[in-house]
Amino acid sequence: MKKSFLEGLTITNQLLDDIMFMFENRMKTTYFTRAVHCKMDFQDLIRFELNFVKKTLQIELDSFFKTIKGAESGISKQGYSQARQKISPTAFITMADSIISWYYGDDDFKTFNGYRLSAIDGSILEINNSERLRNAFGYAEGKTVKLARAKASCIYDVENDMILTSKITTYTTGERDIAIDLIEKLKQMGLKNDLILFDRGYPSRKFFAYLEGSGVKYLMRVKNQSMKEVNEAMEPDQIVEIKVDGKTIKVRVLRFMLDSEVEEVLVTNLLDENLGIQEFKALYFKRWGIEVKFDELKNRLQLQNFTGDTVIAVEQDFYASMYLSNMVALAKNEANEKIAQNNEDKSLKYEYKVNTNILIGKLKDSMVLMLLEDNSDKRHEMFQSLMLEITKNMVPIRPGRSKVRKMGLKAHKHPMNQKRCL
C-alpha cells in the first residue's frame, strides 16, 4: 500500500487533537490550562513550528496570524519566545516517531535484498553564538574566536528517503556514543531486518561486538591500520575472527581498488555468499544518500537557521525539521511518481524528478492550512492543486554527478551558499 502525504497529515492531526499528547509534552502541568487567555495555544505553537519558519521571526508570526489564523493582530516575538518554552521538544520527537511507526507498520516499503537499508552519519551544526548555547552545546575554537556548535546524527533509510531516528547533542559527543543511542531507539521502535552503512569514523572492537549483539547487520568502511585482524586479512574477501572482551566474533573483510586507485576496506557481518565484492562495492556507495540528505536539511530546509537562543528552542527547531523532512519526502515521492507517469510515453534523454526547492517553498503555509482543514474532500483538493503546481517544476536526473563537501570553520551562522526556498 502506497504511503501518502495526506495520511501523514491525518496521523499528525490525530496527535494534535489528543489531549494526552498535550499533557505529555508540556513543561509543567499548569501550562495551557487557561487557553482562553492565550494568543497562541498548544496547537498553535506546534503548527507555527511546522510552518517552515525561517524568515525574521516577527515577520513569520505576523504572516502566520494573517494567513493561517485569519487575524490582523498577533503576538510579539518576545511573547512567542516565552510561550514556546512551555512545550517540550519531545512533542516533535513523538510526531516524527508516529510518522515512522505508520510508514513501516505494514512492512510494505523498499528494501535491499530484504533488508531495510539505512546509513548513519553525524554532522556539525552552527547555532547562535551566545554564551548560553556555548555552555549548553559546546563550541569550536579558532585562534581568536569561540563559535557555538552542536552535533547532530541520524539513521536515514536510503531506499525510502525517510529519517528513522535522529538526535542533537553536544559538540564533543562521540559518534559511536550517538550511534548506540540511535540504534537503541531503533530497537525500541522495532527492527525491520536492518542493514546499516557506516563510514570510517565508527569502527572499533567493542562497537562491532555491540552491533553483533543488537541483531543489526552492518557494512562499515575502516581506516588503514585500524585493527590487527583486519590488517592481516589480505584476501579480497575473507572471514576473520575478532576477539572482544574474551568473546570471539566473525566478520567479513572486503578489499577492492577504487577508480582513484586507492584501496577501500570494508567490514561486515553479512556472511551471505550470494553477495560478492562488486555487490558490496555498489552497496556501500549507497551511503552517499545520507550526505545528500544532510545537504537537503542544511541548505533547503535550513536546519541551521534556528529561531531561538535557548536549548528548548534549538531542540524544538531540530526535531521539527526531522518531522518536516519526512513529510517533504512523502510529498516528493508522490510528485516523482506523478512525473514518471506523465513522462511515460515521452522519449526523453533523462528521467526527471521534482525540484525539491520548489516543493518545500510550496509547502509553506499550505501544509498547515491542510492540517486545519476538517473536510477531507477539501483537503484532498488542496493537495491535488499543490501537486499540480509542484509537478510542473521538474529537474533532470543526471547520473554520476557528485558534489565536493567544503569543510572549514565558518563564523556566519547561516551562510548563503545556495539560494533559499523559504
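So that you can map any letter, position 153 of the sequence shown is 153 in UniProt numbering, and since no number is skipped, the others follow by simple counting.
C-beta atoms are modelled at their ideal positions from N, C-alpha and C, and glycine is treated no differently.
Predicted model only: the values in this text are computed from it and were never measured.
Taking every protein chain shown into account, the CB of L271 has fewer than 16 other CB atoms within 10 angstroms, so this residue is exposed. 9 Å or more divides the Cβ of E49 from the Cβ of D374.
The beta-carbon distance between A150 and L125, rounded to whole angstroms, is 5 Å. This is short enough to meet the 8 Å contact definition. Q238 has V253 as its beta-bridge partners, per DSSP.
Nearest neighbour of S123 by Cα position, chosen from A136, T310, S166, turns out to be S166. In the three-state DSSP reduction, M162 falls in the strand class (E or B). For V230, the enclosing alpha helix (DSSP H) covers residues 228-231. In the three-state reduction of the DSSP assignment, E126 falls in the strand class. In the three-state DSSP reduction, V265 falls in the strand class (E or B). In the three-state scheme derived from DSSP, where H, G and I count as helix and E and B as strand, F207 is classed as helix. Less than 9 Å separates the beta-carbon of E229 from that of E241. The C-alpha of L348 lies about 22 Å from the C-alpha of M387. Taking C-beta separations shorter than 7 Å and ignoring five residues to either side along the sequence, the partners of T173 in its chain run K151, following chain order.
Around the C-beta of K332, 16 or more other C-beta atoms lie within 10 Å, and the residue is accordingly described as buried.
Straight-line spacing of the CA atoms in L275 and I239 works out to 14 Å.
Each residue's CA atom was taken as its position, placing R132 and L147 some 12 Å apart.
Contact between I11 and S98 holds: CB atoms are separated by about 5 Å, below the 8 Å threshold.
Counting along the chain, no beta strand (DSSP E) covers V314; the unbroken alpha helix (DSSP H) around it starts and ends at 311-342. Residue K392 holds the alpha-carbon nearest to the alpha-carbon of K353 among L9, M22, K392, L363. By the criterion of a C-beta distance shorter than 6 Å, Y31 is surrounded in its chain by K86, once the five residues flanking it on both sides are discounted. If the five residues before and after S153 are omitted, its C-beta is found closer than 6 Å to the C-beta atoms of G122, K167, I178, all from its own chain and listed in chain order. Taking the Cβ atoms as the reference, L191 lies roughly 6 Å from G215, within the contact range of under 8 Å. Here E141 is bridged, per DSSP, to K146. According to the DSSP secondary-structure assignment, A71 is paired through a beta bridge with no residue. With contacts defined by Cβ atoms closer than 9 Å, L197 and L219 form a contacting pair. Its chain contains P236, E264, I277, K281 as the residues whose beta carbon lies nearer than 7 Å to that of F256, once the 5 sequence neighbours on both sides are disregarded; these appear in chain order. Pairing D181 with K206 gives a Cβ-Cβ distance that is not under 9 Å. In this structure, the beta-carbon distance from R200 to R221 falls below 9 Å. In the structure shown, S76 adopts coil according to DSSP, grouped into three states.
In this structure, the alpha-carbon of F92 lies about 8 Å from that of M322. Burial is judged here by how many other beta carbons sit within 10 angstroms of a residue's own beta carbon; L324 has at least 16 and is buried. Burial check for D259: the Cβ neighbour count within 10 Å stays below 16, so the residue is exposed. Of the candidates I68, E184, I127, I127 places its Cα closest to the Cα of T170. If you draw a straight line from the Cα of H380 to the Cα of F5, it is about 10 Å long. Contact annotation: I360 and L303 have beta-carbon atoms that are not nearer than 9 Å. Approximately 5 Å separates the beta-carbon atoms of L61 and G74; this is inside 8 Å, confirming the contact.
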